[in-house]
Structure formats: structure tokens, C-alpha cells
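J.:
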Amino acid sequence: MPDISFAKPSMPKNGALAVLVAEDGLPTALADLDAATEGAVTRAAEAASFKGRKGQSCTILAPSGTGLPRLVLVGLGKAGDLTGFGAEEAGGTAYAALAHDTAAAIDARGAATLGAEGAVRAALGAVLRSYRFDKYRTKEKPEDKPKLGKLTVMADDASAAKAAWPAAKAVADGVFLSRDLVSEPANILTPAEMADRCLALKSLGLAVEVLGPKEMRKLGFGALLGVAQGSANEPRMVVMQWHGTSGAAKGRKAAKGSAKPLAFIGKGVTFDTGGVSIKPAAGMEDMKWDMAGAGTVIGLMAALAGRRAKVDAVGLVGLVENMVSGTAQRPGDVVTTASGQTVEVLNTDAEGRLVLADVLWYCKQRFDPACMIDLATLTGAIIISLGHEHAGLFANDDALAQTLIAAGKVTGEPVWRMPLGDAYDKMLKSDIADMKNIGGRPGGAITAAQFLQRFVDGCPWAHLDIAGTAWSSKDKPTTPKGATAFGVRLLDTLVAEHHEAKAKG
Ligand code: BES
Ligand code: MN
Ligand code: ZN
């Protein structure tokens with residue numbers, strides 16, 4: 005991640021420059037550069053048909069009269085239409101063009117319609133685009149690696165941007181942690197290893213507990229343990245707590261009458277072979293990222309702690325590997341969940357809902373949270389419904405659904421609400437147990453959500469099916485291809501805008 009600093013606008017003495025340009029502000033934005041280059045910058049922009057449109061960019065190498073090795077123009081679209089996420093995208097596009105310079109600056113004055121936020125969001129976009137998972141590349145040539153170590157973001161309101169940056173940086177750190185976890189192969193990131201990485205977050209002030217098979221047997225986690233029983237790698241459940249409201253932060257008892265915590269729950273299947281209902285070989289490697297829901301919850305908790313969020317939140321992740329072996333669960337097995345409800349497991353590949361059933365129930369009973377939000381790469385069916393453009397949102401609470409939709413627009417992580425209802429719930433009827441774990445092909449993402457709803461015990465709840473959004477097969481302005489960390493910023497923003505604002509003290 006490049007080091008970010010903020011400064012008043014000036015012509016950089018060394019390093020490259022990117023200028024964020026609004027569609028309706030081209031002549032003003034380029035005035036100084038044109039003065040230095042006898043109009044060559046505007047001529048270059050014209051030759052490249054660069055108009056400042058959203059998503060447009062244009063690189064000019066070594067424009068004479070400026071001393072710059074590289075000048076990049078990045079379009080913002082119409083200034084009046086610019087959003088915070090739009091500024092992030094421009095910052096990300098600028099980063100991609102500047103990655104091979106050792107030092108660079110971004111002139112973010114074009115985003116000043118957003119005030120200091122324009123510069124902060126441009127910086128955040130640049131940082132988010134800089135993510136790489138390269139720990140297993142031992143032979144990469146130095147000249148192929150990005151070199152950008154220092155990035156200066158220039159704005160008239162540089163001091164306000166500087167003051168806002170540490171919180172944004174903490175969120176970026178949470179996104180990077182989430183992407184690291186999701187990118188890691190399953191031979192390295194076993195449930196136990198993932199739990200260890202949660203324990204390391206104690207250094208941020210999180211309280212972290214790890215439960216193993218013995219503890220989970222005592223709690224009656226028959227559904228989660230049934231999924232885990234075919235694997236040589238033992239399951240774990242991790243409970244992370246952040247006490248950010250007055251009094252509780254230093255381990256003291258929570259202040260009297262302090263609000264119920266918000267709860268975040270993640271599916272952490274470190275590898276999903278499908279079990280005995282085995283998946284086809286082609287593409288099975290993707291199932292290393294079937295723990296993305298848990299990866300998001302862990303990144304989110306790190307972000308909340310990293311920026312000392314004024315909120316009480318708990319994060320719970322169910323970590324298992326879904327394998328095939330002589331001890332694996334069979335189609336037709338009946339398991340008893342922590343809630344006491346029984347499930348006929350007709351397809352061992354519908355394992356995520358079994359894991360979440362026990363963790364959701366446990367979370368509700370132990371914490372009585374204000375609301376529970378779970379994230380899971382739960383169904384292929386949500387990809388058929390929404391493609392890779394929206395995550396599926398299911399909720400038993402309209403207000404909660406609305407705040408999630410709003411937060412998704414702020415951070416560029418869009419969610420689309422899907423229906424729940426009795427007719428779908430009936431599709432889970434089993435001949436021999438309280439329910440079966442599959443509802444048939446029609447409405448497959450919905451029946452999966454109905455299954456989860458049976459374990460939330462009336463708590464306000466939302467479920468995000470992120471199977472289509474957790475991984476990207478192509479580069480996007482703020483997300484290089486690979487793990488996206490979808491949901492970290494969405495939920496951090498939900499907390500910041502709907503829970504901290506109201507928090508007293
Ligand atoms: N982890 C998968 C869902 C998935 C598919 C995530 C593609 C990411 C990309 C989940 O455990 C699963 O296998 N779901 C089954 C459910 C079915 C057996 C009812 C599915 O979607 O096919
Ligand atoms: Mn599966
Ligand atoms: Zn799965």
C-alpha cells in the first residue's frame with residue numbers, strides 16, 4: 005500500500021502527476037499545465053479524445069516544460085454528478101496508471117465539489133487499487149512489480165483531508181486483511197489457521213475467543229459438526245467482540261443501559277468440495293474462497309477496531325472444511341442443530357446454511373443483538389439471479405434492508421433485495437425431519453435464505469449472498485481482479501452512518 009500524504013496543490017518537483025478532471029472543467033483544470041507546455045496538454049487531450057468523461061483516462065509521457073516523467077488525466081464525469089465512490093474510482097484509475105513510478109501526486113481539485121471528502125475518497129480508491137497478493141511469486145522481475153511508494157494527494161482543503169485519513173486507512177487495512185484471507189489457498193488457510201489470524205487481531209483491542217470441536221459438541225452444534233466430520237482439519241468458531249462505546253473499551257463492564265451490540269456472522273468454508281454430493285472438477289479451485297463471508301466479517305471487525313468505532317459489535321465466524329472421506333456426512337443423514345431443530349441433509353453441498361444455522365442461533369442466544377447481518381457465498385443460484393453486479397439481500401426487517409441498500413450506494417457495493425415468504429419456506433418440508441437442507445432448483449437462493457431465517461429466532465436480520473461478488477475475474481477501478489472484500493466497506497459505512505451517529509458520548 006503506498007504511503008499517502010495530503011498537500012496543497014503545486015507542480016510536483018519529482019515524480020509523476022495525475023489530474024482528476026471533471027467533464028465540464030477541462031480548461032480550468034489544465035490551465036497551469038498548458039501555460040507550462042505551450043498548450044501541448046490540451047492538444048494531447050484533444051488528440052486522445054479525452055473529454056473528462058467518467059472512466060476515461062489519458063497518459064502523456066514526459067510533457068516538455070513540466071519536468072514530469074508522466075502526466076495522467078483521469079475523467080470524473082460531470083462535476084455535479086460526482087459521488088464519493090466516483091472519486092474513489094478516479095483515484096483507483098490514477099493509481100493503475102502511476103503504479104510504475106516511484107513517487108507520484110494526484111491533483112484532486114476536480115473532486116472539490118465533495119469538499120475534503122473528494123481528496124480522501126480519491127486517496128482511498130488509489131490505495132484499494134494497489135492491493136496485490138504476491139507472497140507466492142518468487143520469480144517476479146523487480147521491473148514488473150509496482151514501485152509507487154509515496155503518493156501525495158493535492159487539495160485546497162489538505163488539512164481536513166489529512167485529519168480524516170487515519171479512519172479511512174484503517175478501513176483499507178480491513179479490506180486488505182479480508183482480501184489476504186480470501187486469496188489464501190486452502191492448504192494454508194485451514195480453519196485452525198484462520199482462527200489464529202483472528203487471534204492476532206487482539207493487538208487492535210478486539211476480544212477474541214476460539215471454540216474447537218469439543219466446545220461446539222457441548223453446545224450441540226450438530227449441523228456445523230456434520231459438515232466438518234469428513235475433514236482431517238478440525239473446525240473452529242471464532243467470536244470477536246469490539247466494545248467501542250463509553251466504559252467498555254478498556255475491558256470494564258459496559259455502561260448501564262448501553263445499546264445491544266450489532267452482530268455480523270460469516271460463512272467460513274475454507275474449502276468446499278461439495279462433500280459426497282461432490283462438485284464437478286472444473287472450477288472447483290474457486291471453492292478456496294468459500295470462506296469469503298467470514299473473511300469479510302474479520303476484515304470488518306479489524307476496520308472497526310482500527311478506527312476505534314464508537315459502537316459495540318460482535319463478529320462470529322463458523323470455520324469448516326467440506327471434504328469427502330470415510331467419515332464424511334452422507335446424503336440422507338439427519339442432524340440436530342443447536343436450536344434443537346432437526347435437518348435432513350439431502351445434499352452435502354448445501355453446507356453453508358448448515359454452518360450458519362448453528363452460528364446464527366448461538367449468536368442470538370448469547371448476545372441478544374440489535375440485529376444480525378450474515379454474509380455467505382451461499383448459492384450459485386444468486387449468480388443466476390443477479391450476476392456479479394449485486395449481492396443478494398434478504399431481510400425480515402424493512403428498515404435494516406433500506407440502510408443496507410443506502411450504504412451499498414455510498415461505497416459502490418450494491419445489494420438487491422430479494423423476497424422471502426411462506427410459499428418458499430414450505431419448499432423445505434422434509435418427510436422425516438423438521439426440514440431438509442435443499443428446496444429444489446427454483447428460487448435456490450431464496451430457499452437457502454428461508455433456511456437461515458429458521459435460526460434467527462425473531463431477531464432483526466439480514467442475509468447477504470455474496471457468491472457473485474466476493475471474487476472478480478477482471479480488474480475494476482478500486483478492485484484488482486481476485487478477492488474483492490465485498491461487504492467490508494458496506495458494513496463499516498452502515499455502522500458509521502446509522503449506528504455511531506446516534507451513539508451517545
Ligand atoms: N459454496 C457454494 C455456492 C457457490 C457457488 C459459491 C459458486 C460461489 C460460487 C455452496 O456451498 C453450494 O454448493 N451451493 C449449492 C446449493 C445446492 C446444492 C442446493 C449450489 O448453489 O449449487
Ligand atoms: Mn457447497
Ligand atoms: Zn459452499
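All you need for the working numbering is the position in the sequence shown, starting with 1, plus 4.
Note that CB positions come from ideal geometry on N, CA and C, so glycine has one too.
Report all residues from its chain with a CB closer than 7 Å to the CB of Tyr135; omit the five preceding and five following residues, and keep chain order.
T.: Phe180, Arg183, Pro484.
J.: Consider the C-beta atom of Gly299 and the heavy atoms of the ligand ZN; say whether any pair is separated by less than 6 Å.
T.: Every heavy atom of the ligand ZN is 6 Å or more from the Cβ of Gly299, so no.
J.: Inspect the beta-carbon positions of Gly443 and Ser187 and report whether they are closer than 7 Å.
T.: The answer is no: Cβ separation not under 7 Å.
J.: What would DSSP say about Ala427, mapped onto helix, strand or coil?
T.: Three-state DSSP puts Ala427 in a helix.
J.: Looking only at DSSP bridge pairs, what is Ile8 linked to?
T.: Answer is Leu155, bridged to Ile8.
J.: Nearest-angstrom Cα distance between Ser163 and Asp111?
T.: Cα to Cα, Ser163 sits roughly 15 Å from Asp111.
J.: Cutting at 8 Å between CB atoms, please list the residues of its own chain near Cys367, excluding the five before and the five after it.
T.: Counting only Cβ-Cβ distances below 8 Å, and skipping sequence neighbours, we find Ala267, Ile269, Val318, Leu320, Pro373, Met376.
J.: Start and end of the beta strand (DSSP E) containing Gly226?
T.: Careful: Gly226 lies outside any beta strand (DSSP E), inside the alpha helix (DSSP H) at 226 to 232.
J.: Determine which residues share a DSSP beta bridge with Gly79 and list them.
T.: Per DSSP, Val25.
J.: Quick check on this structure: which residue in Arg493, Gly153, Pro13 has the alpha carbon closest to the alpha carbon of Thr415?
T.: Of the candidates Arg493, Gly153, Pro13, the one whose C-alpha sits nearest the C-alpha of Thr415 is Arg493.
J.: DSSP state of Ile409, grouped into three classes?
T.: Of the three classes helix, strand and coil, the one that applies to Ile409 here is helix, per DSSP.
J.: Does the beta carbon of Glu355 fall short of 6 Å from some heavy atom of the ligand MN?
T.: At least one heavy atom of the ligand MN is nearer than 6 Å to the Cβ of Glu355, so yes.
J.: What are the start and end residues of the alpha helix (DSSP H) that includes Cys375?
T.: Per DSSP, Cys375 belongs to no alpha helix (DSSP H); it is in the beta strand (DSSP E), 375 to 380.
J.: Following the continuous beta strand (DSSP E) through Ile386, name the residue where it begins and the one where it ends.
T.: Element bounds for Ile386: not the beta strand (DSSP E) but the alpha helix (DSSP H), 385 to 390.
J.: Say yes only if the C-beta of Asp378 is nearer than 6 Å to one or more non-hydrogen atoms of the ligand MN, and no if none qualify.
T.: Asp378: no, Cβ never under 6 Å from the ligand MN.
J.: Could you give the distance in angstroms between the alpha-carbon of Glu4 and the alpha-carbon of Ala171?
T.: Limits of the chain in this structure are 5 at one end and 509 at the other, which puts residue 4 out of reach.
J.: Could I get the ranges of all uninterrupted beta strand (DSSP E) runs contained in the stretch 300 to 350, with 3 residues as the minimum, in chain order?
T.: The stretch 300 to 350 contains these whole beta strand (DSSP E) runs: 316 to 326, 337 to 340, 346 to 349.
J.: DSSP state of Met295, grouped into three classes?
T.: In the structure shown, Met295 sits in coil (DSSP, three-state: anything other than H, G, I, E or B).
J.: Based on DSSP bridge pairs, tell me the residues matched to Arg74.
T.: DSSP, once it has assigned bridges, lists Leu65 as partnering Arg74.
J.: Would you say Val273 touches the ligand ZN, meaning its beta carbon is less than 6 Å from a heavy atom?
T.: For the ligand ZN, at least one heavy atom lies less than 6 Å from the Cβ of Val273.
J.: What I want to know is whether the C-beta of Asp160 ends up closer than 6 Å to one or more non-hydrogen atoms of the ligand ZN.
T.: Because no heavy atom of the ligand ZN lies under 6 Å away, the Cβ of Asp160 does not count as near it: no.
J.: Hey, Gly272 and Gly234 are a contact pair by Cβ (cut 8 Å); roughly how many whole angstroms apart?
T.: 16 Å between Cβ atoms; not a contact.
J.: Where do the ends of the beta strand (DSSP E) carrying Met244 lie?
T.: Per DSSP, Met244 belongs to the beta strand (DSSP E) from 240 to 247.
J.: From this set, Leu432, Leu128, Phe137, which residue's C-alpha is nearest Gly88's C-alpha?
T.: The candidate whose alpha carbon is nearest that of Gly88 is Leu128.
J.: Less than 6 Å between C-beta atoms, sequence neighbours within five positions excluded: which residues of the same chain meet that for Gly224?
T.: Only Ala342 meet the Cβ criterion.
J.: Could you check which residue in Pro284, Ala204, Leu193, His247 has the C-alpha nearest to that of Val239?
T.: Looking at the sequence shown, residue 239 is not Val but Pro. When only C-alpha atoms are compared, the closest one is Leu193.
J.: Measure how close the beta-carbons of Ile347 and Leu360 come, nearest whole angstrom, since I'm counting them as under 8 Å.
T.: Here the sequence assigns Val to residue 347, which means Ile is not the residue at that position. Not a contact, Cβ separation roughly 12 Å.
J.: Where does Gln454 land, buried or exposed, given buried means 16+ other C-beta within 10 angstroms?
T.: Buried, by the Cβ-count rule.
J.: Indicate, with yes or no, if the ligand BES has a heavy atom lying under 6 Å from the CB of Asp469.
T.: No, the ligand BES has no heavy atom inside 6 Å of this Cβ.
J.: Bridge partners for Ser476 per DSSP, in chain order?
T.: The partner list for Ser476 (beta bridge, DSSP) reads Gly486.
J.: Can you tell which of Ala307, Phe275, Leu228, Ala236 has the C-alpha that lies nearest to the C-alpha of Trp511?
T.: Nothing about residue 511 can be reported from this structure: the residues present for the chain run from 5 to 509 only.
J.: Near Pro265, which residues of its chain fall below 6 Å by C-beta distance, leaving aside the five closest residues on each side in sequence?
T.: Here the set comprises Asp316, Ala317, Val318, Phe371, Pro373.
J.: Compare the beta carbon distance of Gly491 and His392 with 7 Å and say whether it is the shorter of the two.
T.: In this structure, His392 does not lie closer than 7 Å to Gly491 by Cβ.
J.: Are the CB atoms of Leu208 and Met244 within a distance shorter than 7 Å?
T.: No, the pair does not count as a contact, with Cβ atoms beyond the cut-off.
J.: Look at the Cβ atom of Thr497, then the Cβ atom of Glu92, and state whether they are nearer than 7 Å.
T.: Taking 7 Å as the Cβ cut-off, Thr497 and Glu92 do not qualify as a contacting pair.
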